[in-house]
Amino acid sequence: MKVIQHTASRTTRGKNLTIVYGIHDFPVGNILVALTAEGLCWLGINCDVAKLHENWKGAELVEDKAATTKAAREIAKLWPDSLHKLSIPIVLYGTAFQLKVWKELLHIKSGSTVTYEHIARKIGKPKAVRAVGSAVGRNTVSIVVPCHRVVNKSSDRINYGWGPAIKKALLKGEKVA
DNA sequence: ATTTACCGTGCTT
DNA sequence: AAGCACGGTAAAT
Numbered sequence: 065m066k067v068i069q070h071t072a073s074r075t076t077r078g079k080n081l082t083i084v085y086g087i088h089d090f091p092v093g094n095i096l097v098a099l100t101a102e103g104l105c106w107l108g109i110n111c112d113v114a115k116l117h118e119n120w121k122g123a124e125l126v127e128d129k130a131a132t133t134k135a136a137r138e139i140a141k142l143w144p145d146s147l148h149k150l151s152i153p154i155v156l157y158g159t160a161f162q163l164k165v166w167k168e169l170l171h172i173k174s175g176s177t178v179t180y181e182h183i184a185r186k187i188g189k190p191k192a193v194r195a196v197g198s199a200v201g202r203n204t205v206s207i208v209v210p211c212h213r214v215v216n217k218s219s220d221r222i223n224y225g226w227g228p229a230i231k232k233a234l235l236k237g238e239k240v241a
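Each position in the first sequence, counted from 1, maps to that position plus 64 in the working numbering.
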């Protein structure tokens, strides 16, 4: 899977960018798939356009379901085990820290989970656990960048941007207890 | 059981 | 420019 990276903050990303999007079926709910000219830049679960707009301020949003169908179908077909084979590049816009965290997520194998602490250590900032939590939560390409595979060390709490139920459903689909 | 300290980011003062 | 709340965690009260 090809990964294209851009350094940007949440407030600057989307400038001079045209994004086409469409909403499609997926096993755990609807997904909103959004593409730039470069590739897949956003994947939201049960997500509406307002949310997309919030995260891509300044971008021109164009609904075009036909344009996103191919991507959506491929994602549904490859999930849960083979998303790394995705033929469409994923496009990440984030701060240097966020990009590090998100790339680290891509190394987690389907069916396994890691803790926030583990990621923090991997990127060389063992004390930035909490910051890692923020970064994981701001991932723009859920499912493909597997933010749902990051769990609390003492799994008594489950947090997830798209709702705890979705996180559980995703992990269940990937055969995690 | 509660508090405290640490990290980076975006929102509110 | 400064303060604050987070998708965390361990250690000291």
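Idealized CB from N, CA, C, for every residue including glycine. Keep in mind that this is a model prediction, so the values were computed, not measured.
{"query": "Taking only the alpha-carbon atoms, compute the straight-line gap between Leu-99 and Val-84 and give it to the nearest angstrom.", "result": "5 Å"}
{"query": "What do you reckon, are the CB atoms on His-70 and Leu-156 nearer than 8 Å?", "result": "yes"}
{"query": "Go through its chain and collect everything with a Cβ distance to Lys-231's Cβ below 7 Å, but skip five positions before and after it.", "result": "His-212, Ile-222, Tyr-224"}
{"query": "Can you confirm whether the region 198 to 209 touches the region 162 to 170 when touching is taken to mean that 3 or more C-beta pairs between the two stretches lie within less than 8 Å?", "result": "yes"}
{"query": "Measure the alpha-carbon distance for Thr-82 versus Ser-176 and round it to whole angstroms.", "result": "35 Å"}
{"query": "Quick check: the Cα distance between Asp-128 and Glu-118, rounded to an integer number of angstroms?", "result": "19 Å"}
{"query": "Along the chain, where does the alpha helix (DSSP H) that runs through Tyr-157 open and close?", "result": "Element bounds for Tyr-157: not the alpha helix (DSSP H) but the beta strand (DSSP E), 154 to 158."}
{"query": "Quick check on Asn-119: does DSSP put it in helix, strand or coil?", "result": "helix"}
{"query": "Using only the alpha-carbon positions, how far apart do Ile-95 and Asp-145 sit?", "result": "18 Å"}
{"query": "Is the beta carbon of His-182 within less than 7 Å of some heavy atom of the ligand FMN?", "result": "No copy of the ligand FMN appears in this structure; indeed no ligand is present at all."}
{"query": "I'd like to confirm the pairing. Which residues does DSSP put opposite Lys-71 in its beta bridges?", "result": "Before going on, a small fix: residue 71 reads as Thr here, not Lys. DSSP output for Thr-71 lists Gly-158 as bridge partner(s)."}
{"query": "Hey, Asn-77 and Trp-106 are a contact pair by Cβ (cut 8 Å); roughly how many whole angstroms apart?", "result": "According to the sequence provided, residue 77 is Arg. The question's Asn does not apply to it. In fact, because the Cβ distance is near 11 Å, the residues do not count as touching under 8 Å."}
{"query": "So which of Ala-131, Asn-110, Leu-234, Lys-141 has the shortest CA-CA distance to Pro-210?", "result": "Leu-234"}
{"query": "Terminal residues of the continuous alpha helix (DSSP H) containing Leu-138?", "result": "The sequence given here places Glu at residue 138; Leu does not occur at that position. From DSSP, the alpha helix (DSSP H) with Glu-138 extends over 129 to 142."}
{"query": "Please report the residue range of the beta strand (DSSP E) in which Val-84 lies.", "result": "82 to 90"}
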